[in-house]
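Before any comments, here is the structure.
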Amino acid sequence: MIGALEHAQTMSAHIVSIVCNKGAEISAYADVSIEMETGPEVLTGSTRLKAGTAQKMVLNMISTTAMIGVGKVYQNLMVDLKPNNYKLEERSKRIIMDATGVGYEKASEHYELSDCQVKKAIVMLILNCSKDKAEDMLERSHGFVSGALPNLDKHKE
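Throughout, our numbering is defined as the position within the sequence shown, counted from one, plus 653.
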C-alpha cells in the first residue's frame, strides 16, 4: 500500500488517508490524514465491524459534501439524479413536489416539460418560467438551483 502512495506522490496526486488508529504509518504519506480512534474490534482481527463502519461514515460525509459542492443538491434534496426507471421517475416527481410545494399532477407535468430534469422543473415552477428560461438560469448559475433563484431562496438555505 505504501509503495502505491509513494508512486502516487511522484505523479503529484493528492493523497488522503482514512485510518482507525492515531499515528498510523500510512498517514505520513498523505496530504490529508483522517485518523479515528475506534478502539479494538469485538472480534480481534476483523476490521469490517467498527473500523469499517467508521470509514464508511467518513466516506459518506465526504461524498455528501462533494455532491453539495458541485450543485447536485437543493435544500436537503438530491436534485441531479438520472431517472432511468419507474422508481426513479416517481422519486423525481416527489422531489419536485417537496422543493416547490406543488401537487403530484403539476410536478408530473413539469417533469415532462423539463425533459425529465428535476433541477429544470424546480426552477420552472418556482420562477413560473419557460423551459428555455430555466435552462438559461441554471447555466448562468453553473447548475446550482439556489443560484438560479436570485434572492428567492436565501432564507431557506
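Glycine residues also receive a C-beta, built at the ideal position from the N, C-alpha and C atoms.
Residue pairing by DSSP places Glu-688 opposite Val-672 in a beta bridge. DSSP places Val-695 in the coil class of the three-state scheme, outside both helix and strand.
Residue ranges of uninterrupted alpha helix (DSSP H) with 4 or more members, entirely inside the region 736-766 and ordered along the chain, are 739-753, 757-766.
Within 10 angstroms of the beta-carbon of Lys-709 lie fewer than 16 other beta-carbons, which makes it exposed.
For Val-776, the number of other beta carbons within 10 angstroms of its own is at least 16, and it is reported as buried. For Gly-656, the uninterrupted alpha helix (DSSP H) segment begins and ends at 655-663. Going by DSSP, Asn-713 is part of the alpha helix (DSSP H) stretching over 703-722. For the set Arg-793, Ala-801, Ser-761, Glu-688, the Cα lying nearest the Cα of Leu-780 is the one of Ala-801. A contact is defined here as three or more CB-CB pairs under 8 Å, and the region 748-756 meets this definition with respect to the region 728-739.
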